[in-house]
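Engineer: Structure provided below as structure tokens; questions to follow.
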Amino acid sequence: MSAETLDQIVSLSKRRGFLFPGSEIYNGFANSYTYGPYGSELKKNVKDLWWKTFVQKRPDIVGIDGDIILHPKTWEASGHIGGFNDQMVDCKTCRARLRADHLVEDALKIDCEGLPDAEVTKLIQDNQIKCPKCGNKDLTEVRKFNLMFQTQMAKTGEDSIAYLRPETAQAIFLEFKNIIDTCRVKIPFGVAQIGKAFRNEITPGNFIFRRLEFEQMEIEYFIREEMWEELFDTWMTEMDVWCTSIGLNPEKCHHLEHEKEKLSHYSKRTVDIEYDFPFGRKELYGLAYRTNFDLSQHQQFSGKDLGYRDPQTNEKFIPHVLEPTFGLDRSILAILCEAYTEEKLEDGSSRIVMKFKPQIAPVKVAIFPLMKKEGMPEKAKEIFSSLSDIWTVDYDESGSIGKRYRRQDEIGTPFCITVDHESLKDDTVTIRNRDTMEQERIAISAVGQYLQKQLNS
Numbered sequence: 088m089s090a091e092t093l094d095q096i097v098s099l100s101k102r103r104g105f106l107f108p109g110s111e112i113y114n115g116f117a118n119s120y121t122y123g124p125y126g127s128e129l130k131k132n133v134k135d136l137w138w139k140t141f142v143q144k145r146p147d148i149v150g151i152d153g154d155i156i157l158h159p160k161t162w163e164a165s166g167h168i169g170g171f172n173d174q175m176v177d178c179k180t181c182r183a184r185l186r187a188d189h190l191v192e193d194a195l196k197i198d199c200e201g202l203p204d205a206e207v208t209k210l211i212q213d214n215q216i217k218c219p220k221c222g223n224k225d226l227t228e229v230r231k232f233n234l235m236f237q238t239q240m241a242k243t244g245e246d247s248i249a250y251l252r253p254e255t256a257q258a259i260f261l262e263f264k265n266i267i268d269t270c271r272v273k274i275p276f277g278v279a280q281i282g283k284a285f286r287n288e289i290t291p292g293n294f295i296f297r298r299l300e301f302e303q304m305e306i307e308y309f310i311r312e313e314m315w316e317e318l319f320d321t322w323m324t325e326m327d328v329w330c331t332s333i334g335l336n337p338e339k340c341h342h343l344e345h346e347k348e349k350l351s352h353y354s355k356r357t358v359d360i361e362y363d364f365p366f367g368r369k370e371l372y373g374l375a376y377r378t379n380f381d382l383s384q385h386q387q388f389s390g391k392d393l394g395y396r397d398p399q400t401n402e403k404f405i406p407h408v409l410e411p412t413f414g415l416d417r418s419i420l421a422i423l424c425e426a427y428t429e430e431k432l433e434d435g436s437s438r439i440v441m442k443f444k445p446q447i448a449p450v451k452v453a454i455f456p457l458m459k460k461e462g463m464p465e466k467a468k469e470i471f472s473s474l475s476d477i478w479t480v481d482y483d484e485s486g487s488i489g490k491r492y493r494r495q496d497e498i499g500t501p502f503c504i505t506v507d508h509e510s511l512k513d514d515t516v517t518i519r520n521r522d523t524m525e526q527e528r529i530a531i532s533a534v535g536q537y538l539q540k541q542l543n544s
């Protein structure tokens, strides 16, 4: 049985060191979370697999690592300063700040996207929509709230105000000229980046689904305009394959086409991949055709030439862009939800097991000495040393074997190796499979080859 509520995921995440509430000793802070020892390993494995899949194994994509704080004119050119806003209201009674569109959608089932502030205000007032925090109806009029975090630079002058980036894409557009000048890239080609972004969300929530500080894995794929439809479909397929590669059930992944009147100002077509979370079907990834909006805007605002010259035809033009974007924190949440499994065993007991794909499991193998004496710990530590050069390995000698197995099941470790009395006599060990719980005896000398085959299958 999979997770039925988000509370199950939250509870296991803290209990087993995947995610901790941020600043917990100060009673928490604004929907912040710390990736614990196993969560940080899981996150790193997903990032490494994404980079290997979309950068390392592809000759047409290169990577960068851009700054979080970019020149302020970046956000003027991109439209974020003027248009990156949410409609909000404040409750005059409890002073809660609320998303106006969410209030109307929840109460009236009306989509407010594109409606003027005055119309949304009228819907709230005419229908006497209540504050979900205190139940009162005394709400302010709707007004715009910019989602970018603003910061003050030490220098003075027009550039003294800067912003934490709300998306990773713009750093790629700013470095477009440097990339075509220094790398032997030809259209179509892409630039990939993994990095933090920040949005001053009015209503963050659902664990790590919507955070103030989050991480994106994003590609800007530069193309000729006439290529976009064919390559859009190609990228849609690539993103579906990625979902499967990290263990998501295809039946829980769905495509949502954005209606034309609700597209972002830079987009000609956008399709979301939504996932069936315990709290409902929500956006996981997105694929957008951004036309040549961004490069054109930055060329205009900077005064720099951002055109691309075809090396064969000598034709010069501003490339169009496809943008496959992958939310890393949402990926982790979907993976946790997908992997969570409660099983009834034949003896009447039950277990919770995280059935991660072996490639992304935080720990690949755990080593147990059966007892803390008779040379078993020493032999187990020898095996740990030989395997930890290749994989992330756990060593545990505390508690009964049954309890140690259960702990590793909840961490999602694919294999456990037990060193026992026989190991000291014939250099063999017992290997237990996480999913089947079957055990087999193999020679210590064959352990590395066995794991290599099983973990890469």
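First residue of the sequence shown? That's 88 in the numbering used here, and the numbers climb one at a time after it.
The beta-carbon is built from N, C-alpha and C at its ideal position, and this holds for glycine as well.
Note that the structure is predicted; figures quoted are calculated from it, not measured.
1. Would you decide whether cysteine 178 is buried or exposed? Buried here means 16 or more other CB atoms lie within 10 Å of its CB.
2. If phenylalanine 413 sits next to methionine 304, beta carbons under 8 Å apart, how far is it from one beta carbon to the other, in whole angstroms?
3. Given 8 Å as the limit, is there contact between the stretch 159-169 and the stretch 213-231, that is, 3 or more CB pairs closer than that?
4. Would you kindly check if the distance between the Cβ of aspartate 225 and the Cβ of threonine 290 is under 8 Å?
5. Work out the CA separation of glycine 104 and glutamate 300 for me, nearest whole Å.
6. Leaving out the 5 sequence neighbours to the left and right, which residues in its chain are closer than 7 Å to asparagine 214 when beta-carbon positions are compared?
7. Candidates Phe364, Lys339, Glu128, Arg102: which alpha carbon is nearest asparagine 293's?
8. Give me whichever residues DSSP pairs with phenylalanine 309 in a beta bridge.
9. Tell me, please, whether the stretch 458-478 touches the stretch 107-127 by the rule of three or more beta-carbon pairs shorter than 8 Å.
10. Which of helix, strand or coil does DSSP assign to glutamine 384?
11. Starting from cysteine 199, trace the beta strand (DSSP E) both ways and give me its first and last residue.
12. Buried or exposed, going by whether 16 or more other CB atoms sit within 10 Å of the CB of serine 98?
13. Just checking, does the stretch 389-403 make contact with the stretch 429-447 on the three C-beta pairs under 8 Å criterion?
14. So, is threonine 92 buried or exposed, given that buried needs 16 or more other C-beta atoms within 10 angstroms?
15. State the DSSP-derived secondary structure class of lysine 369, mapped to helix, strand or coil.
16. Check for me: the beta strand (DSSP E) holding cysteine 424 runs from which residue to which?
17. With a CB to CB cut of under 6 Å and the five nearest residues on each side skipped, what residues in its chain are close to valine 142?
18. What residue range is occupied by the uninterrupted alpha helix (DSSP H) comprising lysine 160?
19. Looking at the unbroken alpha helix (DSSP H) that takes in alanine 256, where does it start and where does it end?
20. Give every residue of the same chain whose Cβ lies closer than 7 Å to the Cβ of arginine 377, excluding the five residues on either side of it in the sequence, and list them in chain order.
21. Given this structure, state the Cα-to-Cα distance separating glutamate 370 from serine 532, to the nearest angstrom.
22. As a quick exercise: from Ser332, Ala530, Ala375, Asp204, pick the residue whose alpha carbon is nearest that of leucine 343.
23. Considering Cα atoms alone, identify which of Met323, Phe455, Ser127, His345 is closest to glycine 489.
24. Can you give me the start and stop residues for the beta strand (DSSP E) that proline 124 sits inside?
25. When DSSP labels each residue in this structure, what does asparagine 233 get in the three-state scheme?
26. Would you say the stretch 123-134 touches the stretch 437-451, given that touching needs at least three Cβ pairs under 8 Å?
27. Please classify glutamate 469 as buried or exposed, where buried requires at least 16 other C-beta atoms within 10 Å of its C-beta.
28. I need the DSSP call for leucine 394, collapsed to helix, strand or coil.
29. Hey, quick one: how far does the beta strand (DSSP E) through glutamine 174 stretch, first residue to last?
30. Which whole runs of the beta strand (DSSP E) in the stretch 460-531 are 3 residues long or more, in chain order?
31. Among the residues of its own chain, which have a CB less than 7 Å from the CB of alanine 249, if the five just before and after it don't count?
32. Could you pull the DSSP bridge partners for leucine 226 from this structure?
33. Touching or not, the stretch 332-343 and the stretch 257-276, by the rule of three or more beta carbon pairs under 8 Å?
34. Report the rounded CA-to-CA distance for isoleucine 310 versus glutamate 527, giving the unit in angstroms.
35. Specify whether the stretch 436-444 and the stretch 493-507 touch according to this definition: at least 3 beta carbon pairs, one from each stretch, less than 8 Å apart.
36. Of the residues Ser389, Glu317, Gly367, Gly390, which one's Cα is nearest the Cα of arginine 356?
Structural biologist: Inspection of the coordinates gives the following:
1. Cysteine 178 should be labelled buried.
2. The pair is a contact, with the Cβ atoms about 4 Å apart (cut-off 8 Å).
3. no
4. In terms of Cβ geometry, threonine 290 and aspartate 225 do not form a close pair [threshold 8 Å].
5. 20 Å
6. Ala194, Leu195
7. Phe364
8. Phe276, Val408
9. no
10. helix
11. Where cysteine 199 is concerned, there is no enclosing beta strand (DSSP E), given that its DSSP letter is neither H nor E.
12. Exposed, by the Cβ-count rule.
13. The count of Cβ pairs closer than 8 Å, one atom from the stretch 389-403 and one from the stretch 429-447, stays below three, leaving the stretches out of contact.
14. exposed
15. Taken through DSSP and simplified to helix, strand or coil, lysine 369 comes out as strand.
16. Here cysteine 424 belongs to no beta strand (DSSP E); instead the alpha helix (DSSP H) covers 415-426.
17. Close CB contacts of valine 142 within its chain, under the 6 Å cut and outside five residues either way in sequence, are with Ile148, Gly150, Ala279 (chain order).
18. 160-165
19. 256-261
20. Correct list, in chain order: Tyr353, Ser354, Val408, Glu410.
21. 47 Å
22. Ala375
23. Phe455
24. Where proline 124 is concerned, there is no enclosing beta strand (DSSP E), although the alpha helix (DSSP H) it sits in stretches over 124-138.
25. strand
26. Yes, they touch.
27. exposed
28. Per the sequence presented here, residue 394 reads as glycine, with leucine not at that position. Coil at glycine 394, not helix or strand.
29. 172-177
30. 480-482, 502-506, 515-520, 526-530
31. Ile156, Pro159, Thr238, Met240
32. Cys178
33. no
34. 53 Å
35. yes
36. Glu317
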